[in-house]
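Residue numbers (this note's numbering): 759 to 962.
Heads up, the thing below is written out as structure tokens.
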């Protein structure tokens, strides 16, 4: 996942890579802390590193927010083909100080899949995160058909009803909220032929 703000570039998968738009690392170590959550897979002690698929900077470029943590686990069909058997979404949005942070922390929700829910501070299938000019944090909660809006401390400010929001973005010039809806792979994904039609909703 990639986030850019005021000359800073955050390129993240297993860990944060800190870059600047001038081609340097911006005076910081290139390799930052890990941003993946570790998910126990089985009783044998096997684990999986679940990486974020969405990130956004705070307006001052100091704080990063992450979400979209999903583990697609499969089974071998042949030697060269692995079929996806299921999807485990972590119901969490995380945060990290770009320059000084040493580890990701829970912003809202939980990194434990069983903690998914529809409460004010719970998430079910958080697919993306965005931040507006005033620092409000928007999390598209696909499984609950809503976009949750939080202040930088994690306090819920508003819950916006939205049909199957797969991506939320903020128009940098107008600050309009752009909510994109399409089919997201989950364990209860619609059967083939009944996929959600792609849709864009623009909110003030």
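We treat Cβ as the ideally placed atom computed from N, Cα and C, and that holds for glycine.
In this text, all values refer to a predicted model and were calculated from it rather than measured experimentally.
Report task. Mind the definition here: the stretch 798 to 807 touches the stretch 879 to 894 only if three or more C-beta pairs lie below 8 Å; say whether that holds. Result -> No contact exists between the stretch 798 to 807 and the stretch 879 to 894.
Report task. Hey, could you find the ends of the beta strand (DSSP E) residue 795 is sitting in? Result -> Here residue 795 refers to the residue found at position 37 when the chain shown is read from its first residue. Per DSSP, residue 795 belongs to the beta strand (DSSP E) from 795 to 798.
Requested in this report: Evaluate the contact criterion for the stretch 834 to 843 versus the stretch 854 to 870: three or more CB pairs, one atom per stretch, below 8 Å.
Outcome: no
Requested in this report: Could you check the C-alpha separation between residue 770 and residue 821 for me, to the nearest Å?
Outcome: Mapped onto the chain shown, residue 770 falls at position 12. Mapped onto the chain shown, residue 821 falls at position 63. Taking the straight line joining both Cα atoms gives about 14 Å.
Query raised in the report: Does DSSP put residue 775 in a helix, a strand or coil?
Result: Residue mapping note: residue 775 aligns to position 17 of the chain shown, counting from 1. It is a strand residue.
Query raised in the report: Three-state secondary structure (DSSP) at residue 921?
Result: Here the question's residue 921 lines up with position 163 in the chain shown. Reduced to three states, the DSSP call for residue 921 is coil.
Query raised in the report: Any idea if residue 802 is buried or exposed, counting beta-carbon neighbours within 10 angstroms, 16 or more meaning buried?
Result: Looking up residue 802 in the chain shown gives position 44. Residue 802 is exposed by the Cβ-count criterion.
Query raised in the report: If residue 899 sits next to residue 884, beta carbons under 8 Å apart, how far is it from one beta carbon to the other, in whole angstroms?
Result: Within the chain shown, numbered from 1, the residue matching residue 899 stands at position 141. Within the chain shown, numbered from 1, the residue matching residue 884 stands at position 126. The pair is a contact, with the Cβ atoms about 6 Å apart (cut-off 8 Å).
Query raised in the report: So, are the CB atoms of residue 806 and residue 772 less than 7 Å apart?
Result: Stepping through the chain shown from its first residue, residue 806 is reached at position 48. Stepping through the chain shown from its first residue, residue 772 is reached at position 14. No.
**Report entry** residue 932 at chain D interface by Cβ criterion, 7 Å
**Finding:** Of the protein chains in this structure there is only one, and it is not chain D.
Query - Residue interval of the beta strand (DSSP E) (run including residue 885) - result: Reading the chain shown from its first residue, position 127 is the one you call residue 885. Counting along the chain, residue 885 sits inside the beta strand (DSSP E) bounded by residues 884 to 889.
Query raised in the report: Would you report the Cα separation of residue 944 and residue 791, rounded to the nearest angstrom?
Result: As a first step, residue 944 is located in the chain shown; it is residue number 186 there, counting from the start. As a first step, residue 791 is located in the chain shown; it is residue number 33 there, counting from the start. Between the C-alpha atoms of residue 944 and residue 791 there is a straight-line separation of about 28 Å.
**Report entry** residue 804, DSSP secondary structure in three states
**Finding:** Taking the first residue of the chain shown as 1, we reach residue 804 at position 46. In this structure, residue 804 counts as coil in the three-state DSSP scheme.
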